[in-house]
Amino acid sequence: MRARDYFVGAAFALLAGGMAQSALAQDIKIGEINSYSLLPAFTEPYRKGWQLAVEEVNAAGGINGKKLVVVSKDDGGKPADAQTAANELVSSEGVAMLAGTFLSNIGLAVSDFANQKKVFFLAAEPLTDAITWSKGNKYTFRLRPSNYMQAAMLVEAAAKLPAKRWATIAPNYEYGQSAVAVFKKLMSEKRPDIQWVDEQWPPQGKIDAGPVVQAVAAANPEAILNVTFGADLVKLVREGNTRGLFKGREVVSFLTGEPEYLDPLKDETPEGWIVTGYPWYSIKTPEHDAFLKAYQAKYNDYPRLGSIVGYQTIKSAAAILAKAGSSDPEKLIAAAEGLSVPSPFGEITFRKIDHQSTLGAYVGKTALKDGKGVMVDSSYKKGSDYLPGDAEVEKMRPKD
Amino acid sequence: MAFYVVQFLTGLASAASLFLVASGLSIIFGVTRIVNFAHGAFYMIGAYIAFTLTERLSGAFGFWGSIVLAALAVALIGVLVEMVLLRRIYHAPELFQLLATFGLTLMVEDLVVLIWGPDDLVGRRAPGFKGAVDFFGQNIPSYDLFLIALGPVVLGILWLLFQRTRWGVLVRAATQDRDMVAALGVNQKWLFTSVFAVGVFLAALGGALQIPRDAVHHAMDLRIIVEVFVVVVIGGLGSIVGAFVAAVLVSELNAFGILIFPKISIILVFLVMAVVLIVRPWGLFGKPEAAARKTPGLTVNPWRPLTSNERLASLAALVVAAMLPLFAGNYALTVGSEIAIFVIFAVSLHFLMSVGGLASFGHAAYFGLGAYGVAFLAKMAGLPMIVCLLLGPLLGCMGAAVFGFFAVQLSGVYFAMLTLAFAQIVWSIAFQWVSVTGGDNGILGIWPEKWAASPSHFYWLALGVAALVTIALRAMVFSPFGYALRATRDSLLRSEAIGINAKRIQWTAFVIAGTTAGIGGALFAYLKGSVFPDNLGISLSVDALVMVLLGGVETVSGAVVGAIVYKALNIWLVSQTDLSKLVLGGFIMLIVVVFPKGIVGVLEMLAQRRRKASPPGSPLIAKPIESAE
Chain A
124 MRARDYFVGA AFALLAGGMA QSALAQDIKI GEINSYSLLP AFTEPYRKGW
174 QLAVEEVNAA GGINGKKLVV VSKDDGGKPA DAQTAANELV SSEGVAMLAG
224 TFLSNIGLAV SDFANQKKVF FLAAEPLTDA ITWSKGNKYT FRLRPSNYMQ
274 AAMLVEAAAK LPAKRWATIA PNYEYGQSAV AVFKKLMSEK RPDIQWVDEQ
324 WPPQGKIDAG PVVQAVAAAN PEAILNVTFG ADLVKLVREG NTRGLFKGRE
374 VVSFLTGEPE YLDPLKDETP EGWIVTGYPW YSIKTPEHDA FLKAYQAKYN
424 DYPRLGSIVG YQTIKSAAAI LAKAGSSDPE KLIAAAEGLS VPSPFGEITF
474 RKIDHQSTLG AYVGKTALKD GKGVMVDSSY KKGSDYLPGD AEVEKMRPKD
Chain B
-2 MAFYVVQFLT GLASAASLFL VASGLSIIFG VTRIVNFAHG AFYMIGAYIA
48 FTLTERLSGA FGFWGSIVLA ALAVALIGVL VEMVLLRRIY HAPELFQLLA
98 TFGLTLMVED LVVLIWGPDD LVGRRAPGFK GAVDFFGQNI PSYDLFLIAL
148 GPVVLGILWL LFQRTRWGVL VRAATQDRDM VAALGVNQKW LFTSVFAVGV
198 FLAALGGALQ IPRDAVHHAM DLRIIVEVFV VVVIGGLGSI VGAFVAAVLV
248 SELNAFGILI FPKISIILVF LVMAVVLIVR PWGLFGKPEA AARKTPGLTV
298 NPWRPLTSNE RLASLAALVV AAMLPLFAGN YALTVGSEIA IFVIFAVSLH
348 FLMSVGGLAS FGHAAYFGLG AYGVAFLAKM AGLPMIVCLL LGPLLGCMGA
398 AVFGFFAVQL SGVYFAMLTL AFAQIVWSIA FQWVSVTGGD NGILGIWPEK
448 WAASPSHFYW LALGVAALVT IALRAMVFSP FGYALRATRD SLLRSEAIGI
498 NAKRIQWTAF VIAGTTAGIG GALFAYLKGS VFPDNLGISL SVDALVMVLL
548 GGVETVSGAV VGAIVYKALN IWLVSQTDLS KLVLGGFIML IVVVFPKGIV
598 GVLEMLAQRR RKASPPGSPL IAKPIESAE
């Protein structure tokens, strides 16, 4: 069995790199969960972002004098594994709160776990509206602008387009479905004259782009809504460019302006798409400058949107912990409700009514510059301006 | 009209890339009988290496040279894998090689991220094939036309290779009857290695050729592997022409299907496969598998019930397990519950696979149906927990009754693939029927009632059920029903000759296994408090297979050990490192080499040797049963 012993030794050596630093009893711990192995393109910059935040918080004296420690776990993209990780963080690591997650179903699974075990949970990335509304609970807060908010931002720009015949392309899962549904609803409210002429639902990660592009072109729309991202977006753009799908057509696209998804397109970036995203190169505010400088100094790399999400998640969590002055979940909720914290995008507030933060997004147009895709004419849209009225929110959200 | 022609051509282009990869898989399976799970991984490495090369070498020659070079390089890796890893385990039980290739796939997924970084990579377009050709106002990318031409060319070359060369004759002979080829003095080692190299070359070529139209990323392998398997099975295993026709069929149905049902892509290939296999059990161009010359008696220790000492030992182990809450914390107990549930799941598959000889690739369907059964009863009917736990698995039972009826008409890999198709159909219903199942956002809030809510109580519940299920299935193995089932496994002809209604016995076993899996799923729903389509997914089915194989497919208690080892290791690694796939994959490959009969299989072998060595050992147990067909 010597080979086996050797192997176990090697495994331990490998693990040492990935293990969280051991913490002292008086440290304050945040349990963080994300799909590190499944979605490294997003989660690597995200991890860098929160590591920077931890460093800054501790350099500024920690949380009421105590050191902040983040214990991070991988969920492998599976809700069941995320719950196992959440359980370990709460039961074994004794964390004060949970944070993180990317995929909507994992966010919901952890949110349900938090509700059951009475643990505070700050969802970072999941976009589903359900997490704060139809399946919202008092223990769960969410940082990123939801599907609804991003749709509302895009609709504002899209409604001004003359186009009347619209087609949609979206990945066939909850995110794509609800993005299209909200966009259609808001758009039709503003523009009753619009016709929806085609919809395509390729499976997430498995788009057969040629036939999809042909099918959309055959419906002859004047404008297209795209919700695909990542590798699917690359295939769609390449096929669409070659087949001339985007020529003379307006395209409105979720998330495409985020460096994670825009940068891989390189010189094939289609021009003039109306997108939400993060043009880090053209944001000129003191808050963002400070963040950008610190990030580039530490990593010698530019930030992605994931970096902002990771950074702001831990910054917000630290502010909540500091204000509550305790790790009692009820006190954390009380501290978080209505709390305003600074962010690289300006001050944001965690709303009392639905626990959604007012973090916004940048809306702009794609363009080609030096063989690379960039966002131009971008402007920041505050999250608070794109949420439905309180009465409507109360109707959707179950009573605690 | 022009539109339909273009759509047809687009479908053909998709078919060409699918065919390249599928043909390689088909050849490998035909000769070596390896279910090469790593085929997608080779496809992905091909794309990554081609990306690196095309970025470095410029010009038309540089580009096309890079594509071929990448494919050759990966073929070399394939040769290495075959010689170092697979050669050692050709004589292991059937499907065991799947475990090795599965481990390899896990490792590759982490390795490519380590080597090439986490970002999606977009390669160059092919020189000379950058634009599109105008066809009555419709654009056809010229690269698509290139692929459309390439498909039949590759088919032609392969055909010539198989029909006109000595090597091809040997490959065909081995596909039909490899024992006979070996008996005639052909050097099987090199035949297998060369076949593996050709197959891997084709996969890598398929991957490299995706560079101008796809993004290169670390999940490419999973995206293609299942689809390729399906294509190979629809076409008929080992048939290159079949793979080609199937690739065209699937791609065209998809190209035109999305015009009418835009959501069809998610399930189309599985629907086609289910229909084809029900109508033509060996695929479109496949031939009935020649009855394998199995001599189970030579490889397996004869099964026997536990001796009274072993019973006492098992009981003691159970008592120790039951005492866990006295010294372990809540997290360990929850992990313990999860492991107990997976023991149930693994023994249920083991019953079908080891006892019945029917390896299911879609066993998670019944696990998940049990979980959804509980979710429906608890959330919609508001029934109490104990009632839900008793009735929930019935959904798994019903699913198994319906699907099992069709599945047991087939055998071998065709059986496995039909179960996979059914599982994917169930999965897509759970995924798509948002109003009832909640889609991929699942059903939340199914938490246990007070009496079982504390981790220790739930642990005892899960452990108790797991023990009962294991004992019940074990008892069944040594009951007359179990003997009849094993008879159908070892020799269908003989068992039918002595009056056993084989199909009915197998169907019953399928239903029993499905119901048992449903019991595991029901508990799982309460453990996690939620149900997601994931619970029915392919990766869970693969997990179950890995557990059974790891423990030892030819043993009675392998599944229990395999489930404990695999699940505990998996949870621990995921918690400790972001490179869990790399370490787990490496561990699995090591086990495959060190324990070629599975953990329990090798332990039994060692115990048997010891017994043999000591003179007064019972001759009855030590003597292998002779069996020849």
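Those protein sequence lines, which keep their order, are chains A and B.
Here the first sequence is numbered in this note's numbering, starting from 124 and rising by one per residue.
Here the second sequence is numbered in this note's numbering, starting from -2 and rising by one per residue.
Just so it is clear, CB atoms sit at the ideal spot from N, CA and C, and this is done for glycine as well.
Since we're looking at a predicted model, the values are computed, not measured.
| query | result |
| --- | --- |
| Establish whether the CB of Phe236 of chain A and some CB of chain B are separated by less than 8 Å. | yes |
| Look at the alpha carbon of Leu231 of chain A and the alpha carbon of Lys240 of chain A, and state the distance between them as a whole number of angstroms. | 14 Å |
| On a Cα-Cα basis, can you pick out the residue from B:His36, B:Ile86, B:Leu54 that is closest to Ala72 of chain B? | B:His36 |
| Pick helix, strand or coil for Arg122 of chain B, following the three-state DSSP scheme. | coil |
| For the structure I just gave you, are there three or more beta carbon pairs, one from the stretch 561 to 570 of chain B and one from the stretch 366 to 384 of chain B, closer than 8 Å? | no |
| Less than 8 Å separating the beta-carbons of Leu199 of chain B and Ser55 of chain B? | no |
| By how many angstroms is the C-alpha of Arg30 of chain B removed from the C-alpha of Pro593 of chain B? | 17 Å |
| Identify the residues that DSSP records as bridge partners of Arg288 of chain A: which are they? | A:Gln318 |
| Would Asp197 of chain A and Ser227 of chain A be called neighbours here (beta carbons separated by less than 8 Å)? | no |
| Judging by CA-CA distance, which residue of B:Leu315, B:Val539, B:Pro209, B:Leu303 is the nearest neighbour of Glu601 of chain B? | B:Leu303 |
| Run through chain B and tell me which residues come within less than 9 Å of Asp331 of chain A, C-beta to C-beta. | Thr7, Gly8, Ser11, Ser248, Asn251, Ala252, Ile255, Ser262 |
| Using 8 Å as the limit for Cβ to Cβ distance, is Thr207 of chain A near chain B? | yes |
| Hey, would you say Val229 of chain B sits closer than 8 Å to Val247 of chain B, going by beta carbons? | no |
| Would you grab the beta carbon distance between Leu265 of chain B and Asn251 of chain B for me? Rounded to a whole angstrom, and I think it's under 8 Å. | 5 Å |
| Return yes when the Cβ of Ala490 of chain A is within less than 8 Å of the Cβ of Ile397 of chain A, no when it is not. | no |
| Starting from Gly584 of chain B, follow its DSSP beta bridges and name the residues at the other end. | Note on residue identity: the sequence assigns Phe, not Gly, to residue 584 of chain B. Phe584 of chain B pairs with nothing; no bridge assigned. |
| Taking the alpha carbon of Ala445 of chain A as the reference point, which residue from A:Ser430, A:Val464, A:Gly433, A:Ile431 has its own alpha carbon closest? | A:Val464 |
| Please confirm whether Pro259 of chain B has its beta-carbon closer than 8 Å to some beta-carbon of chain A. | yes |
| Looking at Leu66 of chain B and Ser50 of chain B, is the spacing between their C-beta atoms short of 8 Å? | The question names Ser, but residue 50 of chain B in the sequence shown is Leu. Yes, they are a contact pair. |
| Regarding Met414 of chain B and the ligand ADP, is the C-beta to nearest heavy atom distance less than 7 Å? | Summarising the ligand content, the structure contains no ligands, and the ligand ADP is consequently not present. |
| Would Val339 of chain A pass as a contact of Ile347 of chain A if the rule is Cβ separation under 8 Å? | yes |
| Under DSSP, the beta strand (DSSP E) around Tyr485 of chain A begins and ends at which residues? | 484 to 492 |
| Would you report the Cα separation of Gly100 of chain B and Met586 of chain B, rounded to the nearest angstrom? | 6 Å |
| So with Cβ pairs under 8 Å, would you call Asn228 of chain A a contact of chain B? | yes |
| Among A:Ser195, A:Lys389, A:Pro268, which has the Cα closest to the Cα of Gly400 of chain A? | A:Pro268 |
| Measure the beta-carbon distance from Glu410 of chain A to Ser466 of chain A and round it to whole angstroms, keeping in mind my assumption that it falls under 8 Å. | 7 Å |
| As an exercise, report each continuous beta strand (DSSP E) stretch of at least 3 residues that is fully enclosed by the stretch 193 to 233 of chain B, in chain order. | none |
| Among all the DSSP beta bridges, which residues are the ones paired with Tyr503 of chain A? | A:Tyr485 |
| Less than 8 Å separating the beta-carbons of Leu22 of chain B and Gly582 of chain B? | no |
| Helix, strand or coil: which one does DSSP assign to Gln149 of chain A? | coil |
| In chain A, which residues lie less than 7 Å from Ile568 of chain B when you measure between Cβ atoms? | Thr207 |
| For Gln327 of chain A, which residues of its own chain have a beta-carbon under 6 Å away from its beta-carbon, when the five flanking residues on both sides are left out? | Pro294, Tyr296 |
| Does the distance from the CB of Ile509 of chain B to the CB of Thr485 of chain B come in under 8 Å? | no |
| Residues in the stretch 110 to 143 of chain B with C-beta within 9 Å of chain A's C-beta atoms, listed in sequence order? | Val110, Gly114, Pro115, Asp116, Asp117, Leu118, Val119, Arg122, Lys127, Gly128, Ala129, Gln135, Asn136, Ile137, Pro138, Ser139, Tyr140, Asp141 |
| Please classify Ile336 of chain B as buried or exposed, where buried requires at least 16 other C-beta atoms within 10 Å of its C-beta. | buried |
| Counting only C-beta atoms, is Phe226 of chain B closer than 8 Å to chain A at any point? | no |
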